[in-house]
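See structure below.
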Amino acid sequence: MKKILLAASAAMLALTAAAQTDPVSRAIDATVQTNKASAASQQRVNEADDQTRAMLERYRAATWQAQQLRVYANQIEPLLAAQEAEKQNLQRQLAELDRAGGDMMPLMLRMIDSLEKFVALDLPFLQDERRERLAELRRKMTDSETATAEKFRMVLEAYQVEAGYGRSLLNERGRVDERLVEVLSVGRTAMFAVALDGEEVWSWSPAAKKWEPLARRYAKDLRLALKMSHGKAAPDLLTLPMPVARVETGR
Numbered sequence: 003m004k005k006i007l008l009a010a011s012a013a014m015l016a017l018t019a020a021a022q023t024d025p026v027s028r029a030i031d032a033t034v035q036t037n038k039a040s041a042a043s044q045q046r047v048n049e050a051d052d053q054t055r056a057m058l059e060r061y062r063a064a065t066w067q068a069q070q071l072r073v074y075a076n077q078i079e080p081l082l083a084a085q086e087a088e089k090q091n092l093q094r095q096l097a098e099l100d101r102a103g104g105d106m107m108p109l110m111l112r113m114i115d116s117l118e119k120f121v122a123l124d125l126p127f128l129q130d131e132r133r134e135r136l137a138e139l140r141r142k143m144t145d146s147e148t149a150t151a152e153k154f155r156m157v158l159e160a161y162q163v164e165a166g167y168g169r170s171l172l173n174e175r176g177r178v179d180e181r182l183v184e185v186l187s188v189g190r191t192a193m194f195a196v197a198l199d200g201e202e203v204w205s206w207s208p209a210a211k212k213w214e215p216l217a218r219r220y221a222k223d224l225r226l227a228l229k230m231s232h233g234k235a236a237p238d239l240l241t242l243p244m245p246v247a248r249v250e251t252g253r
């Protein structure tokens, strides 16, 4: 039995050796190796192609961004030029204003005097704030560190603030007969006071220069007007007792 197995093994070894030297087998092996090499080469080509496409996409994106920047630059350039021209024009005007400082000072002082008289004759709302603004203007007029152009700007700004009061609902705390109240100013037309409990109301009499009691039926609308002045209620129509100017006629 051992002799038969040994003989069979020897025969298989002989067949294997013969197969290895067979030209057909060698050709098949060569083909397999070639296919493997081709597959590897194709993989490298595919990877290189993917990299090329990615680089191309990045190039296209960069080109598009560059085009957009050029378009933006073309659009913004005239605006920048206009701003620069306006800046230079303002600088020239400020320089001229500084040179004319001596002539401007009397004008500014007259403007402050007029504004002070106007505040004194106006309804007495925000008095502390308005008087402090006028006092600050007078201090600035004597300040050598402040340029003439800046002084003039401050005077104009004070006029603009006063003009804005005429279009606003204003509120502040005040007193009526020693009682703490909320004061409501309706532009420059009328002033009202509402007790903190919201029940008692008054109106300011410009002729008598004092607070006069109002009927309580106006309390609801005045409370709503105060909320509007605080920005806590939307604008709405109100029924308020507005003063009527007296007109005197000669006979």
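Residue numbers (this note's numbering): 3 to 253.
Just so you know, even glycine gets a beta-carbon here, dropped at the ideal spot from N, CA and C.
Do the CB positions of residue i and residue j come within less than 9 Å of each other?
| i | j | result |
| --- | --- | --- |
| Tyr220 | Thr191 | no |
| Leu171 | Met244 | no |
| Leu136 | Leu123 | no |
| Met156 | Glu138 | yes |
| Ala227 | Val188 | yes |
| Gly200 | Arg225 | yes |
| Leu128 | Tyr167 | yes |
If you drop the 5 nearest sequence neighbours on each side, which residues of the same chain put their C-beta closer than 8 Å to that of residue i?
| i | result |
| --- | --- |
| Met143 | Met107, Met110, Leu111, Ile114 and Lys153 |
| Trp213 | Val178, Asp179, Ala195, Trp204, Ser205, Trp206 and Ser207 |
| Phe120 | Glu164 |
| Asp223 | Leu240, Thr241 and Leu242 |
| Leu58 | none |
| Met193 | Leu125, Pro126, Phe127, Val185, Leu186, Ser187, Ser205 and Trp206 |
Residue i: which of the options sits nearest, CA to CA?
| i | options | result |
| --- | --- | --- |
| Pro126 | Ala42, Trp206 and Thr36 | Trp206 |
| Arg177 | Tyr167, Glu159 and Val203 | Val203 |
Keeping to the same chain, check which residues put their C-beta closer than 6 Å to that of residue i; ignore five residues upstream and five downstream.
| i | result |
| --- | --- |
| Val185 | Glu174, Gly176 and Ala195 |
| Asp130 | none |
| Ser11 | A caution first: Ser11 carries a pLDDT of 48, below 50, which makes its placement in the model unreliable, though a value can still be read off. If we look at Ser11 and ignore the five residues flanking it on each side, it has no Cβ neighbours. |
| Pro80 | none |
Please list, in chain order, all residues of the same chain as residue i whose beta carbon is under 7 Å from its beta carbon, the five residues on each side excluded.
| i | result |
| --- | --- |
| Leu239 | none |
| Asp145 | none |
| Pro215 | Trp204 |
| Ala210 | none |
| Thr148 | Lys142 |
Report the start-end ranges of each beta strand (DSSP E) in the stretch 120-193 that is 3 residues or longer and not cut off at the edges.
Inside the stretch 120-193, DSSP marks whole beta strand (DSSP E) runs of 3 or more residues at positions 171-178 and 181-188, from first to last along the chain.
Suppose only complete runs of 3+ residues qualify. What are the beta strand (DSSP E) ranges in the stretch 190-234, listed by chain order?
Secondary structure remark: continuous beta strand (DSSP E) runs of at least 3 residues inside the stretch 190-234, in chain order: 192-197, 203-207 and 212-215.
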